[in-house]
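Taken in order, these protein sequences are the chains called A and B. Under numbering that gives the first Met the number 0, the first residue of the first sequence is numbered 0, with each subsequent residue one higher. Under numbering that gives the first Met the number 0, the first residue of the second sequence is numbered 0, with each subsequent residue one higher. We treat Cβ as the ideally placed atom computed from N, Cα and C, and that holds for glycine. Since we're looking at a predicted model, the values are computed, not measured. Working notes for the structure below.
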Amino acid sequence: MNDIIQLVKEAQKGNDTAFIKLFQEFEEDIYRTAFIYVKNQEDALDVVQETAYRSFKSIKNLKEPKYLKTWIVKIAISCSIDLLRKKKNVIELKPEIEKIISNDVEKDIPLSITLEDLIDLLNENEKKIIILRYYFDFTIKEVAETLKIPLGTAKTILYRGLSKLRKNLIGDELYER
Amino acid sequence: MSDKIKEEINRIQIPSDIHERALKGVKKAKSDMSSRRKERLFTIVPIAISMMIVTFGGYSYISNRSNDHQGSLLLNTPVHNKALKIPPALSKNDNGQKKMIGLIVYKGKIYTQSATKIDSIHAKKLVGEKLGSTKYGIDEWSSQDDYTDEFASTIGEANVYSVKGYGQDFRIMTYIESEGAISAEFFDCLNGITVQNGEDVFGKLHLTGNIVNVEYRNYNDWNNSVENFHPINDMKIINSVVNSMNNSKPYTQESIENEIGDFRNEAQFKELFFHLNDGSIVTMNVIKDGYISYGSSAVYFKMEKEVFSKLWQLLDM
């Protein structure tokens with residue numbers, strides 16, 4: 000961790016070698032995150048490049064080095080959505096209406112979810128929350144804090160995303176029968 | 000559940016050139032960062048009636064002397080039907096790609112990176128009321144609508160404050176204190192003002208009575224980023240220069256270029272730095288033919304001949 004803090008400090012002074020060392024740790028995660036949004040290699044690589052560009056330019060504004068990964072992942076998601084917006088593939092989603100969701104939202108999920116389901120069934124907000132929650136292992140509270148949305152809203156979106164995945168599985172199972 | 004989703008996401012194959020692309024992004028950022036200072040000074044607005052590349056939006060003459068470049072200029076606010084007009088800050092470079100400069104949207108106006116610098120010690124004393132926090136939102140792909148989003152910016156995330164001693168309509172600042180290190184930057188807005196004389200712009204900088212010392216830099220040193228500054232000790236002349244600046248008349252950059260050609264050379268261009276009591280350092284561009292401008296603005300002010308020639312003698316030693 001001390002090494003990371005030192006590298007962040009160096010990067011904040013404009014040292015690109017230090018920044019590249021840091022970024023290298025995350026580039027595969029960034030690529031995979033981007034791919035789930037943009038759905039093709041070329042655009043996902045563009046997102047990696049843009050994320051590197053934006054994050055190096057603004058790393059001087061990063062207050063807490065320990066949040067580096069969270070910060071870069073957020074930039075990557077933002078770049079992915081921007082790219083989709085540029086290509087006009089995104090419908091802007093209004094803030095969710097907060098609902099009280101019980102804490103057992105995540106129970107009882109079948110294990111047959113596929114990558115294609117994640118890519119095709121979820122909308123941008125659902126992807127954001129599911130990636131942070133399950134790929135980056137954030138708690139739902141951390142997800143809400145990272146995205147600056149109320150906890151209830153985060154749970155609502157997560158629940159809706161998981162429901163979509165679940166419904167699709169039920170449909171597939173019926174079809175197979 | 001978590002493992003299953005991870006497993007599925009990890010099925011995404013990593014292309015061999017991923018690292019190369021990351022390097023490309025970092026390289027581009029580095030090159031932008033090192034050239035930003037130069038761009039701030041010399042971005043040329045390609046249309047005749049553009050001025051104050053970033054600091055100002057568009058403008059129009061309100062003088063009756065329409066064939067005369069001298070007169071007052073109305074710096075129009077770029078607000079159109081709730082949407083901010085994309086500022087000329089997003090001017091195109093030679094490759095036709097948009098280039099971004101630091102900007103923040105606040106109260107419907109665009110504040111851009113200031114030509115006035117502040118060091119960390121003095122910045123702390125100037126931090127005023129917290130106004131909010133910037134967020135991402137504006138980049139090369141942004142549409143006009145993105146400029147209506149409060150605190151949208153090109154600078155990432157930072158806390159924004161008012162600046163003690165300066166009007167919030169004109170100047171705000173970012174201020175970050177982390178583990179003892181302070182990073183602060185001013186952002187200026189001159190949209191929507193009418194410029195009749197230099198005071199309409201220079202007056203906002205609080206030069207009069209606040210100058211501690213003045214330095215200048217030659218064109219070649221500026222061009223090569225050499226920090227070779229020369230002091231100016233004759234404060235009597237400097238004070239008369241400031242008076243003359245306040246009374247000077249505005250001209251567009253284009254009209255000056257039409258008149259004197261490209262002035263970016265060792266013989267005709269100097270950079271002038273005013274160090275103020277509050278610790279801020281204001282950058283001006285001075286052109287041999289009698290003009291002075293604030294930072295990256297594309298509006299130039301013609302000073303009185305006599306005063307200017309005394310100034311130029313100090314700069315040309």
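> Which whole-angstrom value describes the C-beta separation of V47(A) and I231(B), a residue pair presumed to lie in contact below a C-beta threshold of 8 Å?
Replying inline: Between V47(A) and I231(B) a beta carbon distance of about 49 Å is seen, past the 8 Å cut, so the two are scored as non-contacting.
> Considering only the beta carbon of each residue, do V72(A) and T32(A) sit closer than 8 Å?
Replying inline: In terms of Cβ geometry, V72(A) and T32(A) form a close pair [threshold 8 Å].
> How should P149(A) be labelled, buried or exposed, when 16 other C-beta atoms within 10 angstroms of its C-beta is the threshold for buried?
Replying inline: Per the 10 Å Cβ criterion, exposed.
> Rounded to the nearest angstrom, how far is the Cβ of S161(B) from that of G131(B), given a contact under 8 Å?
Replying inline: That pair is no contact at about 11 Å.
>> When you compare the CB of G13(A) with every CB in chain B, is at least one pair closer than 8 Å?
In response: Closer than 8 Å to some Cβ of chain B, the Cβ of G13(A) qualifies, so yes.
> Among the residues of its own chain, which have a CB less than 6 Å from the CB of S239(B), if the five just before and after it don't count?
Replying inline: Cβ within range, chain order: V306.
>> Can you look up M244(B) in the DSSP assignment and give me helix, strand or coil?
In response: It is helical.
>> In this structure, how does DSSP classify L206(B) when only helix, strand and coil are distinguished?
In response: L206(B) falls in the coil class under three-state DSSP.
>> Using a Cβ-Cβ cutoff of less than 6 Å, which residues in the same chain neighbour I76(A) once the five nearest sequence positions on both sides are dropped?
In response: Residues K127 of the same chain have their beta carbon placed closer than 6 Å to that of I76(A), with the five preceding and five following residues left out of the count.
> Can a CB atom of chain A be found closer than 8 Å to the CB of G155(B)?
Replying inline: For G155(B), the answer is yes, since a Cβ of chain A falls inside 8 Å of its Cβ.
> Just reading off the alpha helix (DSSP H) that I80(A) is part of, what are its end residues?
Replying inline: Segment 67 to 85, the alpha helix (DSSP H) holding I80(A).
> Near V285(B), which residues of its chain fall below 6 Å by C-beta distance, leaving aside the five closest residues on each side in sequence?
Replying inline: Closer than 6 Å at the Cβ level, and outside the excluded window around V285(B), lie K269, L271, I291.
> Whose Cβ in chain A lies nearer than 9 Å to the Cβ of M244(B)?
Replying inline: None at all; the shortest Cβ gap to chain A is about 33 Å.
> Any C-beta of chain B sitting closer than 8 Å to the C-beta of T69(A)?
Replying inline: No, T69(A) does not count as interfacial toward chain B.
> Exposed or buried, T193(B), counting other C-beta atoms within 10 Å across all chains shown (16 or more means buried)?
Replying inline: By the C-beta density criterion, T193(B) is exposed, having fewer than 16 other C-beta atoms within 10 angstroms.
> Looking only at DSSP bridge pairs, what is P320(B) linked to?
Replying inline: Chain B is shown only over 0 to 316; residue 320(B) falls outside these bounds and no answer can be derived.
> Does the Cβ of T138(A) have 16 or more other Cβ atoms within 10 Å, making it buried, or fewer, making it exposed?
Replying inline: Label assigned to T138(A): exposed.
> What residue does the beta strand (DSSP E) around F176(B) start on, and which one ends it?
Replying inline: Reading off the sequence shown, one finds Glu at residue 176(B), where the question assumed Phe. First-last of the beta strand (DSSP E) with E176(B): 170 to 177.
> Taking Cβ positions only, does L6(A) come closer than 8 Å to chain B?
Replying inline: Residue contact check for L6(A) against chain B: no CB pair falls below 8 Å.
>> Does any residue of chain B have a CB that is nearer than 8 Å to the CB of T145(A)?
In response: Under the Cβ criterion of 8 Å, T145(A) is not counted among the residues facing chain B.
> Which term fits G197(B), buried or exposed, when burial requires 16 or more other beta carbons within 10 angstroms of its beta carbon?
Replying inline: It counts as buried.
> DSSP on L189(B), reduced to helix/strand/coil?
Replying inline: Coil.
> With 16 as the cutoff for other CB atoms within 10 Å, does E125(A) come out buried or exposed?
Replying inline: Its Cβ being crowded by 16 or more others within 10 Å, E125(A) is buried.
> Relative to the C-alpha of Y299(B), which residue among A266(B), T133(B), F262(B), Q12(B) is closest?
Replying inline: Of A266(B), T133(B), F262(B), Q12(B), the residue nearest in Cα terms is F262(B).
>> For a contact defined as C-beta to C-beta under 9 Å, what are the partners of G24(B) on chain A?
In response: Within chain A, the residues near G24(B) are F22, V47, Q48, E49, T50, A51, Y52, R53, S54, F55.
> Where do the N-terminal and C-terminal ends of the beta strand (DSSP E) with E270(B) fall, by residue?
Replying inline: First-last of the beta strand (DSSP E) with E270(B): 268 to 275.
> F307(B) by DSSP, collapsed to three states: which one?
Replying inline: Here F307(B) carries a helix assignment [DSSP, helix/strand/coil].
>> Between M302(B), L206(B), G179(B), K108(B), which has its C-alpha nearest V281(B)'s C-alpha?
In response: Among M302(B), L206(B), G179(B), K108(B), the Cα nearest to that of V281(B) is on L206(B).
> Can you give the beta carbon distance from V25(B) to I19(A), rounded, assuming they're within the 8 Å contact cut?
Replying inline: Correct: roughly 6 Å between the Cβ atoms.
> With C-beta atoms as the reference, is P64(A) less than 8 Å away from I118(A)?
Replying inline: Pairing P64(A) with I118(A) gives a Cβ-Cβ distance that is not under 8 Å.
>> Can you list, in chain order, the residues of its chain with a C-beta nearer than 7 Å to that of S308(B)? Leave out the 5 residues immediately preceding and following it.
In response: If the five residues before and after S308(B) are omitted, its C-beta is found closer than 7 Å to no C-beta atom of its own chain.
> Can you tell me the Cα-Cα spacing of G179(B) and H274(B), whole angstroms?
Replying inline: Cα to Cα, the separation comes out at about 25 Å.
> What beta strand (DSSP E) runs, 3 residues minimum, are completely inside the region 16 to 59 of chain A?
Replying inline: Complete beta strand (DSSP E) runs here, min 3: none at all.
> What residues from chain B crowd round L44(A), counting only those whose CB sits closer than 8 Å?
Replying inline: By Cβ distance, chain B contributes P14, D16, I17, R20.
> Who are the neighbours of I171(B) on chain A, taking C-beta pairs under 9 Å?
Replying inline: Here the premise fails: no neighbours, minimum Cβ distance about 15 Å.
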